[in-house]
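> So that we are looking at the same thing, I have put the structure below in structure tokens.
Next comes the structure, spelled out in structure tokens:
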């Protein structure tokens, strides 16, 4: 897979409020009768070398925890795929560190009045055999969020290296990447999609994912798509 760096974000909320590529119209109500929140953001954070070498996932998570707490928005994060994680213990609740040997599910919260920052609350851990580049892992994570955090709207953030339609998304240090076909399978196999719903927003915070092939492949699963092209050139050179 082509090595790339993701674009930094100011907060998770910016993904919700900004759309770059429109792939469909007409929002589908999502279990409104049982919805407990206005929105659930499903944040699939594959750390890879971006985290183990440069702590970029940690930096993005800390930025998100610097936003104000929103009671009616759930931000659920799965971490995994990096040999090391550098998120400071002061930002974590339920664990002293993010475990690099397992995939973990966290609830990310912004800062409440009087606090300097929010925190991530540990919810679940998965076995070491579950790679984040396995489509079943993504499906299970979506199903977990759909069952545990019902909402009127759902968003999906895919964070890591990107290789475009040819090489796919994600680079788990334990092996593999998630091809475009496998991503489509992961979405179509999820209970959220099987029950006739779609995401309001899918965001690829990963390089090289801004292509018509990807837009076309995901058009049945989301109303809006945010995707990235090449990383900004350094010193005027690509």
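Numbering (the numbering used here), first residue to last: 74 to 311.
From the three backbone atoms N, C-alpha and C, an ideal C-beta is built for every residue, glycine too.
1. Is residue 267 helix, strand or coil when you go by DSSP?
2. Enumerate, from N- to C-terminal direction, the unbroken alpha helix (DSSP H) stretches of 4 or more residues contained entirely within the stretch 173 to 255.
3. Just tell me which of 227, 264, 116, 251 has its CA closest to the CA of residue 193.
4. Any contact between the stretch 231 to 238 and the stretch 182 to 196? By contact I mean 3 or more CB pairs, one from each, below 8 Å.
5. Should residue 115 be listed as close to the ligand ADP, given that the test is whether its C-beta is under 6 Å from any heavy atom?
6. Between the alpha carbons of residue 111 and residue 136, how many angstroms are there, rounded?
7. Nearest to residue 133 by CA position, among 144, 152, 214, 143, is which residue?
8. Would DSSP call residue 142 helix, strand or coil?
9. What does a CB cutoff of less than 7 Å around residue 204 pick up in its chain, not counting 5 residues either side in sequence?
10. Answer yes or no: do residue 218 and residue 113 have a C-beta to C-beta separation smaller than 7 Å?
11. Could you check how far apart the C-beta atoms of residue 274 and residue 216 are, in whole angstroms? I think they sit under 8 Å.
12. Assign residue 131 to buried or exposed, taking buried as 16 or more other Cβ atoms, counted over all protein chains shown, within 10 Å of its Cβ.
13. Cα-Cα, which of 178, 253, 157, 129 is closest to residue 148?
14. Straight-line CA distance for residue 292 to residue 171?
15. Could you give the C-beta distance for residue 242 and residue 277, rounded to a whole number, given that I count them as a contact under 8 Å?
16. Where does residue 291 fall in DSSP's three states?
17. Taking buried to mean at least 16 other C-beta atoms within 10 Å of its own C-beta, is residue 121 buried or exposed?
18. Kindly indicate the opening and closing residues of the alpha helix (DSSP H) around residue 124.
19. Assuming the contact rule is C-beta atoms closer than 8 Å, residue 238 and residue 253 should be a hit. Round their C-beta distance to whole Å, please.
20. In terms of residues, what are the limits of the beta strand (DSSP E) holding residue 274?
Straight from the coordinates:
1. helix
2. 208 to 221, 237 to 240
3. 116
4. no
5. Absence of the ligand ADP from the depicted structure is noted, as is the absence of any ligand whatsoever, leaving it without description.
6. Distance from the CA of residue 111 to the CA of residue 136, rounded to the nearest whole angstrom, comes to 22 Å.
7. 152
8. coil
9. The beta carbon of residue 204 lies closer than 7 Å to those of 210, 245, 247, 248, 249 in the same chain, with the five residues before and after it left out.
10. yes
11. Wrong, their Cβ atoms sit about 19 Å apart, outside the cutoff.
12. buried
13. 178
14. 34 Å
15. 7 Å
16. helix
17. Counting every other CB atom within 10 Å of its CB across the protein chains shown gives residue 121 a total of 16 or more, marking it as buried.
18. 121 to 127
19. 5 Å
20. 272 to 278
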